[in-house]
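The next block holds one structure in the form of structure tokens; read it before the comments.
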Amino acid sequence: MKKLRCGVIGLGRVGKMHVENMYLLPQLDIICAADYFIEEMSDWLYSVNITSGYKNYQELLQRDDIEAVFIFTSTDMHEEIVTAAAQAGKHIFCEKPLSMNEDEQASMAVLRKVKEKGVT
């Protein structure tokens with residue numbers, strides 16, 4: 001069975017919990033992670049066998065060996081990161097909500113970009 005090669009963006013308390021649970025899924029191969037405070041997480045990254053870490057999520061999205069990203073950042077960053085991930089051709093799992101915008105126009109624009117790029 002081919003594993004889905006993944007990157008994780010956002011390693012706060014909830015992000016770390018999700019990563020630890022993701023290791024229970026044999027279909028996933030977590031390759032790298034991005035978080036603004038990545039330098040402070042080297043021991044934790046080592047403990048979960050993530051060998052590459054980035055301070056800037058854009059660097060993670062540039063990797064050709066990453067097929068999908070899991071986004072566990074604060075809600076105010078979801079629109080920006082989902083749009084960038086779609087532009088990079090990555091499949092996306094993002095915690096809810098997608099947007100903090102009440103009129104849903106921003107969320108719809110992001111979803112159009114995802115559909116346009118043919119990612120899920």
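Going by UniProt numbering, the letters in the sequence shown line up with residues 1 to 120, in that order.
The beta carbon of each residue, even a glycine, is placed where N, CA and C say it ideally should be.
Quick caveat, the model's predicted, so the values are computed rather than measured.
Asked: Within its chain, find whatever has a CB closer than 7 Å to the CB of ARG5; leave out the 5 residues flanking it on each side and keep chain order.; Found: ASP29, ILE31, ASP65, ILE66, GLU67
Asked: Is there a C-beta anywhere in chain B that falls below 8 Å from the one on ASP43?; Found: Protein chain content of the structure displayed is limited to a single chain, and chain B is not contained in it.
Asked: State the start and end residues of the unbroken beta strand (DSSP E) segment that holds residue 172.; Found: As shown, the chain starts at 1 and ends at 120. That puts residue 172 outside it, with no answer to give.
Asked: Let me confirm a value: VAL14 is counted as buried when at least 16 other C-beta atoms fall within 10 Å, else exposed. Which label applies?; Found: exposed
Asked: For the region 80-87 against the region 110-118, do three or more pairs of beta-carbon atoms, one drawn from each stretch, fall closer than 8 Å, so that the two count as touching?; Found: yes
Asked: Between the alpha carbons of CYS94 and SER42, how many angstroms are there, rounded?; Found: 24 Å
Asked: Roughly how many whole angstroms lie between the Cα atoms of PRO26 and ALA109?; Found: 33 Å
Asked: Using the three-state DSSP reduction, which class does GLY10 fall into: helix, strand or coil?; Found: coil
Asked: Mind checking which residues open and close the beta strand (DSSP E) that includes ALA68?; Found: 68-71
Asked: For GLU40 and ASN56, what's the separation of their Cα atoms in angstroms?; Found: 14 Å
Asked: Compare the Cα-Cα distances from THR51 to each of GLN58, GLN62, LYS3, ALA34 and report the closest residue.; Found: ALA34
Asked: Mapping DSSP to helix, strand and coil, what is ALA34?; Found: strand
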